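Undergrad: As they're listed, the protein sequences go chains A and B. All residue numbers for the first sequence refer to the numbering used here, where the first residue is 10 and numbers rise by one. All residue numbers for the second sequence refer to the numbering used here, where the first residue is 12 and numbers rise by one. For every residue, glycine included, the Cβ atom is placed at its ideal position computed from N, Cα and C. Since this is a predicted model, take the numbers as computed values, not measurements. I have a structure here, written as structure tokens, and I will follow up with some questions on it.
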Amino acid sequence: MPRRDDLKSILVIGSGPIVIGQACEFDYSGTQACRILREEGYRVILANSNPATIMTDPDFADATYIEPLNIEILEAIIAAEKPDALLPTLGGQTALNLSMELVDAGILDKHGVELIGADQEAIATAEDRERFKDAMVEVGLDVLRSGVANSMETARTIVADIGLPVVIRPAYILGGKGTGIAETAEEFEKVASNGIAASPIGEILIEESIYGWKEYELEVMRDKADNQVIVCSIENVDPMGVHTGDSITVAPVQTLTDVELQEMRDSAFTVMRRVGVETGGSNVQFAVHPETGRQVVIEMNPRVSRSSALASKATGFPIAKIAARLAIGYTLDEIPNDITKETPASFEPTIDYVVTKIPRWAFEKFPGTSGVLGTQMQSVGEAMAIGRTFPESLQKGLRSLELGRAGLNCDPGEAAYDELSDDDLLAAACISTPERIWQLEACLRRGIDVDAVFAATKVDPWFLDQMLRITEERAALAEIGFDAMTPRAWKRAKQHGFADAQLAYLWSMSESDVRSARIAAGVLPTYKTVDTCGAEFDAETPYHYSTWEDTSEVRPSDRRKVMILGSGPNRIGQGIEFDYCCVHASFALGDADFETIMVNCNPETVSTDYDTSDRLYFEPLTHEDVMNIIEAEQPEGIIVSLGGQTPLKLANDLPPELIAGTSPVSIDLAEDREQWNAMCARMEIPQPAGGTATTVEQALDIIGRIGYPALVRPSYVLGGRAMEIVYDDGGLTAAMEQLASFGSLGREGGLSAERPVLIDRFLEDATEVDVDAIRDVTGEVIIGAVMQHVEEAGVHSGDSACIIPPPTLSPETIGVLEEYTRRIATELEVKGLINVQYAVKGNQVFVIEANPRASRTVPFVAKATGVPLAKIAARVMMNATLEELRVEGLVRPPVTGHVAVKEAVLPFNRFPDADPLLGPEMRSTGEVMGIDASTGLAFTKSQMAAGGTLPESGAIFFSLADRDKAVGAEAAARFVDLGFTIVATAGTADALEAAGVTVTERLGKISADGVAEPGANAVDLIEDGRIQMVVNSPRGRGPRADGAYIRAAAGSAGIPLLTTGAAALAAANGMTDWLDTPLSVRSLQSYLGTTAS
Amino acid sequence: MTNKEAALVLADGTVFEGEAIGVAVPDGISTGEVVFNTVMTGYQEVMTDPSYAGQIITFTYPHIGNYGVNDVDYESRRAFCRGIIVRDPARRTSNHRATGDLSDFLEAQGLAGIAGLDTRRLTRHIRDLGAMPGAFGTADEAALLAAAKAEPGTDGIDLVATVTCDEPYTIESDGPRRIVAMDFGIKTSILNQLRELGSVEVVPAQTTADEIMAREPDGVFLSNGPGDPEPLTHIRDTISSLLGEVPIFGICLGHQLLSATLGADTYKLPFGHHGGNHPVQRLRDGLVEITSQNHNYAVSEDSLVDAELTHINLNDGTVQGIRSTTAPAFSVQYHPEAGPGPHDSRYLFADFEQLMEDFHATS
């Protein structure tokens, strides 16, 4: 049956900002879906608040609304666009929940919008744990013994029946947030009450604990004719007890017999039918008892998920694309398999390699967190690797993480556990943490046998034995020694996944010597193809991975080729924005008739969709892996400056003549503090005073010259890693020691003459400004945008809200900013993008730093101005001139007449033990954009989109640092005008009253150790719901500085928290505008005066 | 497992280097027709499927042996294949059902194998050039090449005689019917499905129609089996005599023999279908079944006489099922019993039951 002709337009809801548990996999699925729906001739309307996504490019939908995702806004969009249908299954839990709200509120009915791809009943059955379980029992499937509680009283009755240990999960929560295991009665009380509080409907599920069971997932597709296929089977290395998003997972299933796997497959189909997922993809999770084989259904997601993105990349079967086609009426047998072209999509992919996915965490960003993994997802990104065997795939995956580890062992990091006794090591390995995989290896390397490790950790003996093979190979290679390596031995080592860098470490020699010797021995990588069919059919799609076999399947063409290096696993500071840039480069260069070659290892992204580039290499971004592809493909240019720090770090060791765009020498010049200072001095561009140091003594010398406060940061990192503002010698010494000694930075090489610490005078109360610009080979420079930050300098630019156009900078200042940017770009001989950061104090402009590469703001600027900066930059890097691109229509003047605000989204709700305080270290996971006619409206929308909808009435609590008191008083006065009451701590109240603001109540302080002064205090009031918003700017920047308790209370109560006076003022202005103006929505195409191509 | 160097040499002279696994065979040479199977699980069932008689099985999935072997998942009394080709045999087994590992199994079956070679290169070679004879082992390459060239392949050879049972035997059941199953290399999974319908009397391939009818069957089952249906004229004669007298259901080789008896031609596919993921469309309602497949020969659609096409393979359009238009008989090319593979097509056994019931009601 062909597509439905009764539908003309379809609304797609995206997943909003990147948060933990919901990352760019939904940009991948949403982009695929939008493409397909448009290809099928439908009018596509897209709603998503995240400007960093590819899907919100005006090219991917007919009407793109970058608006806050809530049902009021969505109703306004529906009223404006009158879509015939809503496709709710491609925007993660966010889109699914919003769609359910739209149904429940009667909005879809009211506007005659049909829900396609899933129905209300199916979603409710899958999402409501009690209903789901009842449904499973009804169709004869085994489930965990459990009960549902809406109160602690019922919870206690249930646990008395089931017995401890139990798992507690809140209902209607994405990524397992608020979930926990209770082994004791005390733990039960705590976890259960937290769970009830976390659930939007105040409900928890209490279940028998299956900690230590084997965990599996099946990715299922079903069409309306009831054809069903399993796209991919996944087995977790980490047993049950760790959220699957935090587990190392492997495809396909490794340790189930066919009999068991077919039983699981039958169950998955039964689940789909009973839940009623009529069309589309879902994932079903199972737990299997390791000794009895008992299989229980754990849960299912009736939508495209993180696992389905992984399954798509793992098998080459594009789940989201097919799901979109199924939703509009096709059946699986009517859809061709993209990869083979000859065969239909109604089949089950079979693979002849092993895929390993490994999460990446960011605990170092959140001091105070334990780093222990559990049933609540905490990772911020993941890497995937493909190898012919598990050992090869595991080692490739581990080095893809970019944690300074070259693989499972055989690198400096392998000594990390040498000091531990066997018992302590084994005990450590029993606790799931990001380090567990290496602890398991350390156990095996020192001879603790597989059975003992299995008994302690429940990690399956097959996986442990495969790890032992790596360990034994390491020993064998040490034994053989470099001089005695035969071609056969080289190949064997490489087949075990050893990188040249690991062998170099093992034999204490340089990586380049290892590489030369290996090549001389004739041992070269071969590239195989991901083809969905185990080579049974000829594959058309060039999706490749390296391995060490007899023959390579890559046949390089003689077209002009450009290689684009992606940004690797998502992490805080380097995420979807850079994937956006790489994908745009690929699109633009493809349009300009280059053959594009993408290299990346992040399965969540659009860049690793085999449709994005002419060729995709799913490979780790290391020197060796990249050099191997260069040798196989012989590109004429390599783009290293669009993927963030990952490719940039590789640039110095790649053939310099191949680096497209700004030369690595210029990139270094901007990073090298001495040269950069000299350059600024020569150009007479003012900078904050500063210097570089590798020791505490040198640092103190610099302070003697510049004074406190000072900004201390390492060179060559992104996202302000380990950046700090220090106010005294104690703080400085602590910061230097932290940087020099250990920690994640130490592991990446520590401090050295090449990587010193930068120490600059910190300009308090200055306004921070970002400028993005592009310079071409002729020297012409275009300014992309001047962005004014809401938070003052000192808050990392990635965590600060920023505004286009700058609301309070004078035209003269903007002129100076643009002029400096042009001069710096010219001096650095930039060819491509440059981002320059400034601090403006009064009328004086100071340059803070310049980065001749794509910045995080590139997609935001493109959405706000209509100028496709990344596309232009990619072309410019390959020597097109801006003038030529102007003729082509790619370079156009920025569209003005509206205001766009980018706001950061922070993950503090995931890390309740960390202080939710903004500082120079970036901690946001994602961003949203608010766009409207005025700054106030756009800012308000940005807050709403970021999840901090500003209150309309009530009390606002103020506690301000001295430097913030003037601007804070201005904000407070506005709030009073808006009808709010103000409560404040004594000092702040004095300041506010002195400025003429009425303070209705003075609250007691809370000391640094959490003790409250007598009388009312903010924490109590917040918990009682008597405060609707908190404005708390910190004094001092240490952990647990006073105010932390207040901020934590605001975080857990879910009320807006503003940590700077500037943000408070912006909010006050926004709320003023908001109350005066009716809600309006407008598509990006309408703002930018474009139509989708 | 040993690490002794070994090679696989195909009849066209292509050489693959690997390591010997399993038993050490006399003169270090094993020969057979080299085919590939794309299942990711179910290696024990595949290795013990008698339809692989005369063949060397290449597993495209690299890790084989992970979950060991057990006493239940045998598809016949022993392995009839000539050897296995594996990229990476497991050293350690992990599964609660396991009673032994791959190495034990190969020893017990007297089977040799070769591991560590580029199985994807081999698969692509066979895909492009067709299944071909080959020889592997620890002997030198010249000896292996000579052996590969001397290997006759499967065309025109009666391989059924090498796998069928010597004597009839009966599998008792609580079911009401009596089914006679002609054993051309029958799989245990099929017997397990049939016994749900009634007692199963398994008879050797050379059993005559009279002998079969003397057992007063409610239905006759034509089993799967190895090789070329062409030389099996005596079996076609038997089927011809049974047609119309008793309901007949055939699977795989049984399907080819039924079709051929009705008058259709069979031919050899370039490299056959061996896997667990082939989409087959049921023409009566368009539903798609994911099927287990294992055949090198197929029925030519154009040559179908007195039969209607009921199932086709969506990958290449080949005939996957037929129904006689003149007699109560139907058959499928693929394996509804699974073992290994999906359970999507088990309704065919119910169809057989229905056919027997209808036949009984009208006669």
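1. What residues from chain A crowd round R108 of chain B, counting only those whose CB sits closer than 7 Å?
2. Can you list the residues of chain A that R98 of chain B reaches, using a CB-CB cut of under 7 Å?
3. Would you kindly work out how many angstroms separate the C-alpha atoms of D342 of chain A and P11 of chain A, rounded to a whole number?
4. When the cut-off is 7 Å and only beta carbons count, does R132 of chain B lie next to chain A?
5. Please check if any C-beta of chain B sits within less than 7 Å of the C-beta of A277 of chain A.
6. Please go through the same chain and pick out, in chain order, the residues whose beta-carbon is closer than 6 Å to the beta-carbon of R312 of chain A, but skip the five residues on each side of it.
7. Decide if D808 of chain A is buried, meaning its Cβ has at least 16 other Cβ atoms within 10 Å, or exposed.
8. In the DSSP assignment, what residue or residues form a beta bridge with E16 of chain B?
9. Could you work out which residue in A:L515, A:Q504 and A:C542 is closest to L533 of chain A when comparing CA atoms only?
10. Answer yes if the region 443–462 of chain A comes into contact with the region 200–211 of chain A, meaning at least three C-beta pairs across the two stretches below 8 Å, and no otherwise.
11. With burial defined as no fewer than 16 other Cβ atoms inside 10 Å of the residue's Cβ, what is the status of F751 of chain A: buried or exposed?
12. With DSSP run on the structure shown, which of helix, strand or coil describes L214 of chain A?
13. At the level of alpha carbons, what is the spacing between E757 of chain A and C590 of chain A?
14. For a minimum of 3 consecutive residues, which ranges assigned as the beta strand (DSSP E) are wholly contained in the region 963–1018 of chain A?
15. Determine whether the beta carbon atoms of I792 of chain A and A782 of chain A lie at a separation below 7 Å.
16. As a quick exercise: from B:V20, B:N305 and B:S311, pick the residue whose alpha carbon is nearest that of D151 of chain B.
17. 7 Å is my cut-off, CB to CB: does I301 of chain B come that close to chain A?
18. Determine the contact status of E90 of chain A and A70 of chain A, defining contact as a CB-CB distance below 7 Å.
19. Are the CB atoms of P258 of chain B and P339 of chain B within a distance shorter than 7 Å?
20. Taking 7 Å as the CB-CB cut-off, is S105 of chain B touching chain A?
21. Please list the terminal residues of the continuous alpha helix (DSSP H) segment that includes S675 of chain A.
22. Taking C-beta to C-beta, are F603 of chain A and R569 of chain A nearer than 7 Å?
23. Taking DSSP as the reference, what is the three-state secondary structure of Y308 of chain B?
24. Would you tell me roughly how many angstroms separate the C-alpha atoms of A318 of chain A and S108 of chain A, rounded to the nearest one?
25. Check K17 of chain A in the structure and name its three-state DSSP category.
26. Looking only at its own chain, which residues have a Cβ that is under 8 Å from the Cβ of T249 of chain B, when we skip the five neighbours before and after it?
27. So, for R454 of chain A: in the same chain, excluding its five sequence neighbours on each side, which residues have a beta-carbon less than 6 Å away from its beta-carbon?
28. From the DSSP output, in three-state form, read off T264 of chain A for me.
29. Please state whether DSSP places S270 of chain B in a helix, a strand or coil.
30. Short of 9 Å Cβ to Cβ, which residues in the region 240–257 of chain A face chain B?
31. Flag this pair as yes or no: are the beta carbons of G127 of chain B and E16 of chain B separated by less than 7 Å?
32. Taking Cβ to Cβ, would you say K880 of chain A is nearer than 7 Å to H593 of chain A?
33. Give me the subset of the region 538–560 of chain A whose CB atoms are less than 8 Å from a CB atom of chain B, sorted by chain position.
34. List the residues of chain B that P534 of chain A touches, going by C-beta distances under 9 Å, in chain order.
35. Relative to the alpha-carbon of A354 of chain A, which residue among A:G325, A:V364 and A:G377 has its alpha-carbon at the smallest distance?
36. Whose C-alpha, out of A:R564, A:V284, A:P921 and A:A461, is nearest the C-alpha of I638 of chain A?
TA: Inspection of the coordinates gives the following:
1. By 1-based counting over the second sequence, the position of residue 108 of chain B is 97. Those are T266 and G302, listed as they occur along chain A.
2. Within the second sequence, numbered from 1, the residue matching residue 98 of chain B stands at position 87. Simply R397.
3. As a working note, residue 342 of chain A is residue 333 in the first sequence. As a working note, residue 11 of chain A is residue 2 in the first sequence. About 11 Å.
4. Here residue 132 of chain B corresponds to residue number 121 of the second sequence, with the count starting at 1. Cβ-Cβ to chain A under 7 Å: yes for R132 of chain B.
5. In the first sequence, the residue the question calls residue 277 of chain A occupies position 268. Answer no: the Cβ-Cβ gap between A277 of chain A and chain B never drops below 7 Å.
6. Position 303 of the first sequence holds residue 312 of chain A. Answer for R312 of chain A: T98 and L105, listed in chain order.
7. The count along the first sequence starts at 1 and reaches residue 808 of chain A at position 799. Answer is buried; the Cβ neighbour count reaches 16.
8. On the second sequence, residue 16 of chain B is found 5 positions in, with the first residue counted as 1. Partner(s): B:E30.
9. Here residue 533 of chain A refers to the residue found at position 524 of the first sequence. Closest in alpha carbon position to L533 of chain A, among A:L515, A:Q504 and A:C542, is A:Q504.
10. They do not touch, by the three-pair rule.
11. Walking along the first sequence from the start, residue 751 of chain A turns up at place 742. The pLDDT assigned to F751 of chain A is 43, lower than 50, so where the model puts this residue is not dependable; a value taken from the coordinates is nonetheless given after this. The residue is exposed, with fewer than 16 neighbouring Cβ atoms inside 10 Å.
12. Residue numbering aside, residue 214 of chain A sits at position 205 when the first sequence is read from its first letter. Strand at L214 of chain A.
13. In the first sequence, the residue the question calls residue 757 of chain A occupies position 748. In the first sequence, the residue the question calls residue 590 of chain A occupies position 581. Confidence at E757 of chain A is low in this model, with a pLDDT of 46, below 50, so its placement is unreliable and no value can be given for it.
14. If we require 3 residues or more, the beta strand (DSSP E) runs fully inside the region 963–1018 of chain A come out as 964–968, 990–994 and 1010–1012.
15. For the purposes of this step, residue 792 of chain A is identified with residue 783 of the first sequence, where counting begins at 1. For the purposes of this step, residue 782 of chain A is identified with residue 773 of the first sequence, where counting begins at 1. A contact, by the Cβ cut-off of 7 Å.
16. Here residue 151 of chain B corresponds to residue number 140 of the second sequence, with the count starting at 1. Of the listed residues, the one whose Cα sits closest to D151 of chain B is B:V20.
17. Reading the second sequence from its first residue, position 290 is the one you call residue 301 of chain B. By this cut-off, I301 of chain B is an interface position.
18. The sequence position of residue 90 of chain A within the first sequence is 81, counting from 1. The sequence position of residue 70 of chain A within the first sequence is 61, counting from 1. In this structure, E90 of chain A sits away from A70 of chain A, with a CB-CB distance that is not shorter than 7 Å.
19. Position 328 of the second sequence, counting from 1, holds the residue named residue 339 of chain B. Position 247 of the second sequence, counting from 1, holds the residue named residue 258 of chain B. Against a cut-off of 7 Å, the Cβ pair of P258 of chain B and P339 of chain B comes out as a contact.
20. Along the second sequence, read from residue 1 onward, the residue named residue 105 of chain B stands at position 94. Answer yes: the Cβ-Cβ gap between S105 of chain B and chain A drops below 7 Å somewhere.
21. Taking the first residue of the first sequence as 1, we reach residue 675 of chain A at position 666. Per DSSP, the continuous alpha helix (DSSP H) segment holding S675 of chain A begins and ends at P673 to E680.
22. By 1-based counting over the first sequence, the position of residue 603 of chain A is 594. By 1-based counting over the first sequence, the position of residue 569 of chain A is 560. R569 of chain A is positioned such that its CB atom lies closer than 7 Å to that of F603 of chain A.
23. Along the second sequence, read from residue 1 onward, the residue named residue 308 of chain B stands at position 297. If DSSP states are grouped into helix, strand and coil, Y308 of chain B belongs with the strands.
24. Taking the first residue of the first sequence as 1, we reach residue 318 of chain A at position 309. Taking the first residue of the first sequence as 1, we reach residue 108 of chain A at position 99. Whole-angstrom Cα-Cα distance: 21 Å.
25. Along the first sequence, read from residue 1 onward, the residue named residue 17 of chain A stands at position 8. When DSSP states are grouped into helix, strand and coil, K17 of chain A belongs to the coil group.
26. Here residue 249 of chain B refers to the residue found at position 238 of the second sequence. Beyond the five residues adjoining it in sequence on each side, T249 of chain B comes within less than 8 Å, by CB distance, of M193, T218, T219, A220 and I223 in the same chain, given in chain order.
27. Along the first sequence, read from residue 1 onward, the residue named residue 454 of chain A stands at position 445. For R454 of chain A, where only same-chain residues beyond five positions count, the Cβ hits under 6 Å are T480.
28. Counting from 1 along the first sequence, the entry for residue 264 of chain A is found at position 255. Secondary structure at T264 of chain A: coil, using DSSP grouped into helix, strand and coil.
29. On the second sequence, position 259 is the one that residue 270 of chain B refers to. Helix at S270 of chain B.
30. Within the region 240–257 of chain A, those residues whose Cβ lies closer than 9 Å to any Cβ of chain B are, in chain order, S242.
31. One-based indexing of the second sequence puts residue 127 of chain B at position 116. One-based indexing of the second sequence puts residue 16 of chain B at position 5. Remark: C-beta atoms of G127 of chain B and E16 of chain B do not approach each other more closely than 7 Å.
32. On the first sequence, position 871 is the one that residue 880 of chain A refers to. On the first sequence, position 584 is the one that residue 593 of chain A refers to. Yes, Cβ-Cβ distance for K880 of chain A and H593 of chain A is below 7 Å.
33. Residues passing the 8 Å Cβ filter: C542, G543, A544, E545, F546, D547, E558, D559 and T560.
34. In the first sequence, residue 534 of chain A corresponds to position 525, counting from 1. Here the premise fails: no neighbours, minimum Cβ distance about 13 Å.
35. Here residue 354 of chain A refers to the residue found at position 345 of the first sequence. Checked all of A:G325, A:V364 and A:G377; the closest Cα to A354 of chain A is A:G325.
36. Within the first sequence, the letter at position 629 stands for residue 638 of chain A. Nearest C-alpha to I638 of chain A: A:R564.
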